[in-house]
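**Q** Input: one structure, supplied below.
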Amino acid sequence: MTGKYETDFENAWCPGCGNFGILNAVTMALEATGREKHEIVLVSGIGQAAKLPHSVDVNVFNGLHGRALPAAAAIKMANPGLTVIVTSGDGDIYGEGGNHFLHNIRRNVDIALFVHDNQVYGLTKGQPSPTANAGWTGSLQRAGVISGPFPPLAVALALGCGFVARGYAADPAFTSDLMLQAIRFPGFALVDILQPCVTFNRKNTYQWYGKMVHKLPPDHDVTDRGKAMTLALEWEERIPLGVLYRKEKPTFEQLHPQVPGLPLGERETPEEAVRALLRRRQAVPG
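With the working numbering as the guide, the letters of the sequence shown map in order to residues 392 to 677.
Right, dumping it as structure tokens:
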């Protein structure tokens, strides 16, 4: 990665990790927004995917496992003028953070969510994530996964998510375009990114995806929710890439009575009131 967003952070990703392609896609999308560094916030939780913001020279909030989305929503509420992006892993978002995934879609908070979907928890040595298919075997699941996979795109569509797309880590340019569309979309926007894990997932490899993925045709009707649901559930024969569904509706920020007007982050707070609050909190027995 080179350019205005480059940092000297030394990551611990394996050679060939799909996170590198996703990082390139993110930086290309940020470049295309034309926004300044201080106008962008990357939010993540815990995991190998969640380390991506460390490599990007913008505002970063690295939070608790599964708690990236509520932090991002709070940031957007306090300062709606910021471009707020969550980039984290499938375990972090769909597993530990599954409840926040559901309700931020329902509320339609104006944030873009990029999920690194490699079907494993790479940081903790390869347990299956919620998106792992039944029967999948790995270093810590010798007998195979016994539960069916969590279908993130179908769940998002069922909840009325206004922007639902799927990218692929081995095609950063294509995925970057999806990310840019998601960033510019007014409302909650999901881009699930298929990502090979070269160390712990020996089934869903670059070669396997190369045979399975296909890009949706230009004439695909992104307003057809029923067709989008059918595409979201396709996996066994072919895996579609692109924008499955897009439909704008009022955002949480537009509907919330306290958000319109002067952003919370810019409103004056009486210094003495804050000091009094801190004194009261300090006086509470531990």
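Idealized CB from N, CA, C, for every residue including glycine. Note that the structure is a prediction, hence the values are computed from the model and not measured.
Classify P519: buried if its beta carbon has 16 or more other beta carbons within 10 angstroms, exposed otherwise.
**A** Looking up residue 519 in the sequence shown gives position 128. P519 is buried by the Cβ-count criterion.
**Q** Looking at the secondary structure, which residues open and close the beta strand (DSSP E) in which N415 lies?
**A** The residue given as residue 415 occupies position 24 in the sequence shown. Careful: N415 lies outside any beta strand (DSSP E), inside the alpha helix (DSSP H) at 409-424.
**Q** What residue from V447, V555, F492, D448 has the CA that sits closest to A462's CA?
**A** Your numbering for residue 462 matches position 71 in the sequence shown. With distances taken between Cα atoms, A462 lies closest to F492.
**Q** Apart from the five residues on each side of it in sequence, which residues of its chain come closer than 7 Å, Cβ to Cβ, to V475?
**A** As a first step, residue 475 is located in the sequence shown; it is residue number 84 there, counting from the start. V432, V434, A463, I466, K467, I502, listed in sequence order.
**Q** Determine the direct distance from the alpha carbon of T566 to that of F576, and round the result to whole angstroms.
**A** Here residue 576 refers to the residue found at position 185 of the sequence shown. Here residue 566 refers to the residue found at position 175 of the sequence shown. Rounded to whole angstroms, F576 to T566 spans 15 Å at the Cα level.
**Q** What residue range is occupied by the uninterrupted beta strand (DSSP E) comprising L504?
**A** To locate residue 504, count along the sequence shown from 1; it is residue 113. Unbroken beta strand (DSSP E) run through L504: 503-508.
**Q** Put A580 into one of helix, strand or coil per three-state DSSP.
**A** As a working mapping, residue 580 is identified with position 189 in the sequence shown. Strand, per DSSP.
**Q** Taking only runs that begin and end inside the stretch 527-587, name each unbroken alpha helix (DSSP H) of 4 or more residues, in chain order.
**A** With a minimum length of 4 residues, the continuous alpha helix (DSSP H) runs that stay inside the stretch 527-587 are 543-549, 563-575.
**Q** Find the nearest neighbour of P608 within the set L632, F579, Y597, judged by alpha-carbon distance.
**A** Against the sequence shown, residue 608 aligns to sequence position 217. Out of L632, F579, Y597, L632 has the C-alpha closest to the C-alpha of P608.
**Q** Any chance you could list the beta strand (DSSP E) runs of at least 3 consecutive residues sitting entirely within the stretch 617-643, in chain order?
**A** List check, beta strand (DSSP E) in window: 630-637.
**Q** Buried or exposed: which applies to Q510, given that a residue is buried once 16 or more other Cβ atoms fall within 10 Å of its Cβ?
**A** Counted from its first residue, the sequence shown places residue 510 at position 119. Buried.
**Q** I'd like the list of long-range same chain contacts for N595, defined as Cβ closer than 7 Å, with 5 residues on each side in sequence excluded.
**A** For this step, residue 595 is matched to residue 204 along the sequence shown. Excluding sequence neighbours, N595 sits near Q510, P587.
**Q** Do L581 and Y559 have their C-beta atoms closer together than 7 Å?
**A** As a working mapping, residue 581 is identified with position 190 in the sequence shown. As a working mapping, residue 559 is identified with position 168 in the sequence shown. Going by C-beta atoms, L581 is not nearer than 7 Å to Y559.
**Q** Between which two residues does the alpha helix (DSSP H) holding I431 run?
**A** Stepping through the sequence shown from its first residue, residue 431 is reached at position 40. Run containing I431: none in the alpha helix (DSSP H); it sits in the beta strand (DSSP E), 431-435.
**Q** If you pair each beta-carbon of the stretch 621-628 with each one of the stretch 538-548, do three or more pairs fall below 8 Å?
**A** Yes: at least three Cβ pairs fall under 8 Å.
**Q** Whose C-beta lies closer than 7 Å to the C-beta of F411 among residues of the same chain, with five residues either side of it excluded?
**A** Position 20 of the sequence shown, counting from 1, holds the residue named residue 411. Excluding residues within five positions, the ones whose Cβ falls inside 7 Å are W404.
**Q** Along the chain, where does the alpha helix (DSSP H) that runs through F492 open and close?
**A** Taking the first residue of the sequence shown as 1, we reach residue 492 at position 101. Per DSSP, F492 belongs to the alpha helix (DSSP H) from 489-498.
**Q** Among the residues of its own chain, which have a CB less than 6 Å from the CB of N450, if the five just before and after it don't count?
**A** Sequence index remark: in the sequence shown, residue 450 carries index 59 (1-based). Excluding residues within five positions, the ones whose Cβ falls inside 6 Å are V432.
**Q** Helix, strand or coil: which one does DSSP assign to Q673?
**A** Mapped onto the sequence shown, residue 673 falls at position 282. Of the three classes helix, strand and coil, the one that applies to Q673 here is helix, per DSSP.
**Q** Name, in chain order, the residues that DSSP records as bridge partners for F452.
**A** As a working note, residue 452 is residue 61 in the sequence shown. DSSP output for F452 lists V434 as bridge partner(s).
**Q** Does DSSP put H445 in a helix, in a strand, or in coil?
**A** Position 54 of the sequence shown, counted from the first residue, corresponds to residue 445. Helix at H445.
**Q** Measure the C-alpha to C-alpha separation of P521 and Q572 and round it to an integer number of angstroms.
**A** Position 130 of the sequence shown, counted from the first residue, corresponds to residue 521. Position 181 of the sequence shown, counted from the first residue, corresponds to residue 572. Going by the C-alpha atoms only, they are around 26 Å apart.
**Q** Specify the secondary structure class of Q518 as computed by DSSP and reduced to three states.
**A** Sequence index remark: in the sequence shown, residue 518 carries index 127 (1-based). Reduced to three states, the DSSP call for Q518 is strand.
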